[in-house]
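Undergrad: Next up is a structure, given as structure tokens.
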Ligand code: SF4
């Protein structure tokens with residue numbers, strides 16, 4: 002059954018924080034929020050959705066459980082009325098770790114929320130402090146535990162390349178998300194938006210955003226953690242609609258329309274190189290690398306990026322696809338079957 006998300010953006014409502022990277026109005030692409038519009042947004046979206054699709058209403062954009070309680074409940078009532086009518090099957094919302102407590106979770110449960118996405122960004126207290134998140138790791142641990150204990154699906158959102166962060170702390174964050182039993186994750190390489198504190202830090206030379214290559218490399222390292230644990234990665238990088246192409250908003254940082262594909266391609270490249278490194282190769286072998294059917298373009302990489310790098314390293318190497326290979330699996334054939342491995 003096709004799954005369709007109807008996003009309802011709640012820009013920065015009720016959030017007293019100002020994380021250094023956040024310009025929520027810019028990120029969500031919504032300047033004003035009118036609660037009365039919510040029904041219209043949902044109705045308009047439903048008109049484009051097949052009747053048999055599995056539909057979810059998703060309150061994104063700010064800290065949903067931090068908005069005025071009456072408004073939050075009225076939004077949940079609206080969303081729940083679509084569940085009651087059978088047109089929508091579930092609700093999800095995104096929020097911060099410190100806006101989770103028993104009272105809030107009771108309300109979310111009552112109105113049929115299934116999934117809670119938590120903006121963790123990093124598990125490093127140093128990074129959380131530099132980025133002025135306003136909560137520490139302890140709050141992340143407690144909120145994740147409560148969300149899972151209440152029976153909600155947990156999705157962890159994390160960032161790459163924040164000030165004070167490095168690849169080790171990012172891998173650590175991904176491992177934490179996995180260890181909390183998350184069903185999904187989102188990976189956001191840090192982008193600098195105008196009028197944010199991160200923008201001022203960049204202009205003052207206190208922060209340097211990641212190059213595209215570094216963002217791809219570090220995101221791939223994190224993606225590998227999620228793949229290994231079987232945690233679905235729902236999104237890598239902001240959507241292009243999120244003002245990334247507007248020079249009035251975007252200042253610096255990894256900005257590529259196919260960032261997710263680049264990261265997935267990098268995972269394939271790393272896997273292929275790692276598999277080949279287990280063999281004592283002279284460089285004269287004929288190597289065939291097979292991946293799962295439908296994954297060849299990911300393995301070849303954007304603009305043949307991986308293929309070109311592999312040919313440079315291994316000369317006689319070709320990539321192909323075959324049945325019965327799991328996603329992200331690799332079947333190597335060296336010198337026509339002398340060595341095979343997955
Ligand atoms: S908590 Fe979320 S909405 Fe609030 S400032 Fe931080 S990133 Fe922006």
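Numbering (our numbering), first residue to last: 2 to 343.
Glycine is no exception: its CB is placed at the ideal position from the N, C-alpha and C atoms.
When DSSP builds the beta bridges, which residues end up paired with residue 7?
TA: Paired residue(s): 58.
Undergrad: With a threshold of 7 Å (Cβ to nearest heavy atom), would residue 1 be considered close to ligand 1?
TA: In the structure as shown, the chain starts at 2 and stops at 343, and residue 1 therefore has no counterpart that could be examined.
Undergrad: What distance in whole Å lies between the Cβ atoms of residue 112 and residue 155, which are believed to be in contact at a cut-off of 8 Å?
TA: Wrong, their Cβ atoms sit about 18 Å apart, outside the cutoff.
Undergrad: Please report the distance separating the alpha-carbon of residue 31 from that of residue 10.
TA: With a pLDDT of 49 at residue 31, under the threshold of 50, the modelled position of this residue cannot be trusted; read the value that follows with caution. For residue 31 and residue 10, the distance between alpha carbons rounds to 7 Å.
Undergrad: Provide the residue span of the beta strand (DSSP E) that contains residue 83, from first to last.
TA: Where residue 83 is concerned, there is no enclosing beta strand (DSSP E), although the alpha helix (DSSP H) it sits in stretches over 70-85.
Undergrad: Within the present structure, is the beta-carbon of residue 18 separated from the nearest heavy atom of ligand 1 by less than 7 Å?
TA: It does: the Cβ of residue 18 is within 7 Å (strictly closer) of some heavy atom of ligand 1.
Undergrad: DSSP beta-bridge partners for residue 323?
TA: Looking at the DSSP assignment, residue 323 forms a beta bridge with 293.
Undergrad: Residue 349 and residue 289 look like a contact to me (Cβ under 8 Å); what is the Cβ gap, rounded to whole Å?
TA: Past the edges of the chain, shown from 2 to 343, lies residue 349, and the structure says nothing about it.
Undergrad: Residue 332 by DSSP, collapsed to three states: which one?
TA: Three-state DSSP puts residue 332 in a strand.
Undergrad: In whole angstroms, what separates the C-alpha of residue 270 from that of residue 300?
TA: Rounded to whole angstroms, residue 270 to residue 300 spans 7 Å at the Cα level.
Undergrad: Does the Cβ-Cβ distance between residue 60 and residue 132 come in under 8 Å?
TA: Contact flag unset, no.
Undergrad: Quick one: what's got a C-beta closer than 8 Å to residue 81's C-beta in the same chain, skipping five residues either side?
TA: Counting only Cβ-Cβ distances below 8 Å, and skipping sequence neighbours, we find 92, 112, 113.
Undergrad: Classify residue 292: buried if its beta carbon has 16 or more other beta carbons within 10 angstroms, exposed otherwise.
TA: Flag for residue 292 reads buried.
Undergrad: For the beta strand (DSSP E) that contains residue 191, what are its first and last residues?
TA: Premise fails: residue 191 is in no beta strand (DSSP E) and is neither H nor E.
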